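Under the numbering used here, the first residue of the sequence shown is numbered 737, with each subsequent residue one higher.
The beta carbon of each residue, even a glycine, is placed where N, CA and C say it ideally should be.
Bear in mind that the values here come from a model prediction, so they are computed numbers and not experimental data.
Structure first, then comments.
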Amino acid sequence: MARLEVPYDRQWLSLPTHLPNGRPTLISEGRLVEPLKSHRRVAERVRQHYDRSAHWKAVQTALEPVLDRFGTTDRTADIAEASAYALLALLGWQGEVVRSSDLSARAGRSQRLADLAAAVGSGAYLCGTGGMRYLDAEPFAVLGIAIVPFRLPDASMSGIWGSAREVSALWALATIGPERLADELRVSGPHDGRCPGLRCAEAM
């Protein structure tokens, strides 16, 4: 997390998690060690960092369903999903959450991703810079799915992008508010027609 006026003054917000099978543990299997303590930690840290923001009400709106989720689950993945969905909903996202475990896909990293994109009817797969280094384009080409690289806009275009790789999206929300943040994300998206609507988000 970053302080409101100083995005380079950062502090980790970590939630102690038990991995029942050690390093091979699936993300879905991780369990919070102390859910109630984690609930308090998240609430306190977010308030300490952003309660002076002019957009604090929006931050609270995004935070409330996440805090509520701590009372119904000890799965770290559930908390992560709730936080992502709450922010997307606040920004006007109207897509559908699709779980890869509910879809049929073949083995192999790139083949699996291509199959998942096809299963949700996507014509494009939005890929980060890390994934572009290993992704095999052939399985996507066979299925007629375009690979669209996601690159952060030049930091000089807007103040929120300079630290986007290192800090929580809550900082951007607290800094410029939900309307401007939604506009920034729309402007930064692909505009070549290969990623229509919100289908790319569903395929990830």
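Annotated as distal: ARG739 and HIS754, with beta-carbon spacing of 7 Å or more.
The beta carbons of ARG835 and ALA841 sit no closer together than 7 Å. Annotation note: the stretch 758–832 contains the following uninterrupted alpha helix (DSSP H) runs of length 4 or greater, listed N- to C-terminal: 771–786, 792–805, 812–826.
Contact annotation: the stretch 892–907 touches the stretch 741–752, with at least three C-beta pairs closer than 8 Å. Under DSSP, LEU862 takes part in a beta bridge, and its partners are VAL884. Annotation: LEU755 is outside any alpha helix (DSSP H) and is labelled neither H nor E by DSSP. Distance from the CA of GLU780 to the CA of LEU879, rounded to the nearest whole angstrom, comes to 47 Å. Taking the Cα positions, ARG922 is about 34 Å away from GLU765.
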